[in-house]
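Chains as they are written, first to last, in my numbering: chain A, 58 to 281; chain B, -17 to 88.
Written out as structure tokens, the structure is:
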């Protein structure tokens, strides 16, 4: 889903950079107000883990491959603002060192994977926990949120490509092409995200206190 | 070893396993976006020459050991970069809190 240089025109690059800069400013402010010393090694570990996980490409449909994004798991563990910072670090290093994603398109890539791919899973999971208040709701919300986050991130990528004058096809064509494949990727992301949360809920529920959505659940002893 | 240290160690081990699997077994990449671009006949135009394009050291393309080395080094780079960013942000809180406290006390 990493859009390289040359795929998006100036307008799409500028609009996506503008949206991303707003979220960077918001996330930095929120993280500065809440980041604790104990949270930093966890944040670094999760960021490194999902950077490494993105190197594993597994086959999906139509001869294409996919990899995990990691945004949903980071968002649900650390909260969406720290999650966005983590995804930004991954995407900047990928673009600058490996040419995986462009420099002019960094705003679009962070928007897709670091904003949509992080805040959507968090919002879905938060709604699920608020509605049903149980650890099952947390895991179901994590799966659904990760699936929707990946799918919507792909739809945004398709939309950006479709709206760019460089791509000769209309937005619906690019959106459909990206969305269909990434719905498969979303299932894998959902399973991994729910799995990571399940392991942390059982082994280290204290770490999930950093994410306000799980904090209330843990305080209520929600292990149903 | 503290529980937090054990968690970091476990995360690093999982990362290294992912790098090795990604370099040995699951290295073949044919992303949807590349296929879509190929179908629409659109080519990437790089404005930046990355030092290690496509995670492969120039001259060592296809060398599994070199790819694992790049994967391990870059994973530690991400870990270190996140620690630095985190500590930078965290330090500012403490500095700010100290200043506020000093102002209040003063």
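C-beta: ideal position from N, C-alpha, C; glycine also. Owing to the predicted nature of the structure, the values given are computational and were not obtained by experimental measurement.
Specify the secondary structure class of residue i as computed by DSSP and reduced to three states.
i                      : result
residue 43 of chain B  : coil
residue 13 of chain B  : strand
residue 227 of chain A : coil
residue 123 of chain A : strand
residue 61 of chain A  : coil
residue 116 of chain A : strand
residue 129 of chain A : helix
residue 33 of chain B  : coil
residue -15 of chain B : helix
residue 26 of chain B  : coil
residue 190 of chain A : coil
Listing by chain order, which chain B residues have their CB less than 8 Å from the CB of residue i?
i                      : result
residue 160 of chain A : 29, 30
residue 138 of chain A : The contacting residues do not exist; residue 138 of chain A stays about 11 Å from chain B at best.
residue 226 of chain A : 22
Taking C-beta pairs closer than 7 Å, name the residues in chain E that residue i reaches, listed in chain order.
i                     : result
residue 72 of chain B : The structure shown contains no chain E; the protein chains it does contain are A and B.
For residue i, which residues in chain A fall below 8 Å Cβ to Cβ?
i                     : result
residue 37 of chain B : 112, 155, 157
residue 0 of chain B  : 106, 109, 110, 112, 113
Since residue i and residue j are thought to touch, with beta carbons under 8 Å apart, how far apart are those beta carbons, to the nearest angstrom?
i                      : j                      : result
residue 106 of chain A : residue 1 of chain B   : Incorrect: roughly 10 Å between the Cβ atoms, too far for contact.
residue 174 of chain A : residue 135 of chain A : The pair is not a contact, with the Cβ atoms about 14 Å apart (cut-off 8 Å).
residue 74 of chain A  : residue 164 of chain A : 3 Å
residue 60 of chain B  : residue 104 of chain A : 6 Å
Under a Cβ-count criterion, where at least 16 other Cβ atoms within 10 Å of its own Cβ denotes burial, should residue i be classed as buried or exposed?
i                      : result
residue 94 of chain A  : exposed
residue 168 of chain A : buried
residue 188 of chain A : exposed
residue 198 of chain A : buried
When you compare the CB of residue i with every CB in chain A, is at least one pair closer than 8 Å?
i                      : result
residue 56 of chain B  : yes
residue 4 of chain B   : yes
residue 40 of chain B  : no
residue 120 of chain B : Past the edges of chain B, shown from -17 to 88, lies residue 120 of chain B, and the structure says nothing about it.
residue -16 of chain B : no
residue 43 of chain B  : no
residue -10 of chain B : yes
Say yes only if the C-beta of residue i is nearer than 7 Å to one or more non-hydrogen atoms of the ligand ATP, and no if none qualify.
i                      : result
residue 168 of chain A : Of ligands this structure carries none, so the ligand ATP is not represented either.
What residues of chain A sit near residue i, judged by a beta carbon separation below 7 Å?
i                     : result
residue 19 of chain B : 64
residue 51 of chain B : The premise fails here: residue 51 of chain B is roughly 13 Å from chain A at the closest Cβ pair, so nothing lies under 7 Å.
Do we get a CB-CB distance below 8 Å when we pair residue i with the residues of chain B?
i                      : result
residue 61 of chain A  : yes
residue 261 of chain A : yes
residue 17 of chain A  : This structure leaves residue 17 of chain A out entirely; chain A is present only between 58 and 281.
residue 170 of chain A : no
residue 212 of chain A : no
residue 121 of chain A : yes
residue 141 of chain A : no
residue 234 of chain A : yes
residue 78 of chain A  : no
Which residues in chain B sit within 9 Å of residue i, going by Cβ to Cβ distance?
i                      : result
residue 58 of chain A  : 13, 14, 15
residue 223 of chain A : 24
residue 231 of chain A : 18, 22
By the criterion of Cβ-Cβ separation under 7 Å, what are the contact partners of residue i in chain B?
i                      : result
residue 87 of chain A  : Here the premise fails: no neighbours, minimum Cβ distance about 10 Å.
residue 101 of chain A : 61, 64, 65, 68
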